[in-house]
Amino acid sequence: MSTSQLEMLTDLARGARDQAGKVLAKERQTEQQTTAQLQSLLSYRAEYAERLQKAMRDGIDPATMYNYQQFLASLDAALSRARQALASQQASVEQSKKNWQQEQRKLSSYDTLASRRLLEEHRRSERHEQKTNDDLVTSRAARQHNDTPH
Numbered sequence: 263m264s265t266s267q268l269e270m271l272t273d274l275a276r277g278a279r280d281q282a283g284k285v286l287a288k289e290r291q292t293e294q295q296t297t298a299q300l301q302s303l304l305s306y307r308a309e310y311a312e313r314l315q316k317a318m319r320d321g322i323d324p325a326t327m328y329n330y331q332q333f334l335a336s337l338d339a340a341l342s343r344a345r346q347a348l349a350s351q352q353a354s355v356e357q358s359k360k361n362w363q364q365e366q367r368k369l370s371s372y373d374t375l376a377s378r379r380l381l382e383e384h385r386r387s388e389r390h391e392q393k394t395n396d397d398l399v400t401s402r403a404a405r406q407h408n409d410t411p412h
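Be aware that the sequence shown starts at 263, since it is given in my numbering, and climbs by one per residue.
Below, the structure is given as structure tokens:
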């Protein structure tokens, strides 16, 4: 694999990782919104149940009681759906997180490969330079040896 191919793969992996990060951020934002909606429903249900308790203490007619109970039942159903939506969203966040981690590992692998390749090129260059220096010293020593009168 050439250096340009490795650079291209690294760039593609970086782009994929960044895109996975954006998806993860969006999924987390949606999770926060879903959690906030659930909390609002819970608060509203508690407040409405408290109103029912107060109305029962003050005296309430059966029709009004029935309406309170029906509305609380519809709030309970909405809470059930909100909890399911939150669980589903949490699963989406987890899947997005795994995807981001996988893309990050892929990018890290390419970065490691590029670092190893750079290190090997550096070592090869040092060996070549050392060999060139050794050859120069050897040829200089041979010339000096040949130039000295016997």
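Glycine included, C-beta positions come from ideal geometry on N, C-alpha and C.
Selected residue, minimal CA-CA separation from residue i, among the options
| i | options | result |
| --- | --- | --- |
| L337 | A403, E269, Q299 | Q299 |
| Y330 | S370, H407, Q315, A340 | Q315 |
| K359 | L274, S264, K288, L268 | K288 |
| W362 | L348, F333, R276 | R276 |
| T297 | S350, I322, Q267, V285 | S350 |
| S370 | S387, S266, R279 | R279 |
| D415 | I322, D320, D323, Q366 | No statement about residue 415 is possible, as the shown extent of the chain runs from 263 to 412 and does not include it. |
| F333 | R385, G321, R313, A344 | R313 |
| G283 | D323, I322, V355 | V355 |
| Q281 | S387, Q364, A344, D397 | Q364 |
| A344 | Y328, Q301, D409, L381 | Q301 |
8 Å Cβ cutoff met for residue i and residue j
| i | j | result |
| --- | --- | --- |
| L348 | L303 | no |
| T326 | A339 | no |
Residue i CB to nearest heavy atom of the ligand GDP below 7 Å
| i | result |
| --- | --- |
| S350 | Among the ligands in the structure shown, none appear at all, so the ligand GDP cannot be discussed. |
Below 8 Å, can you find three or more Cβ-Cβ pairs linking the stretch 307–323 to the stretch 291–298?
no
Does the contact criterion of 3 or more C-beta pairs under 8 Å hold for the stretch 267–275 versus the stretch 374–392?
yes
Quick check for students: name the residue ranges of the beta strand (DSSP E) that lie wholly in the stretch 274–313, counting only runs of 3 or more.
none
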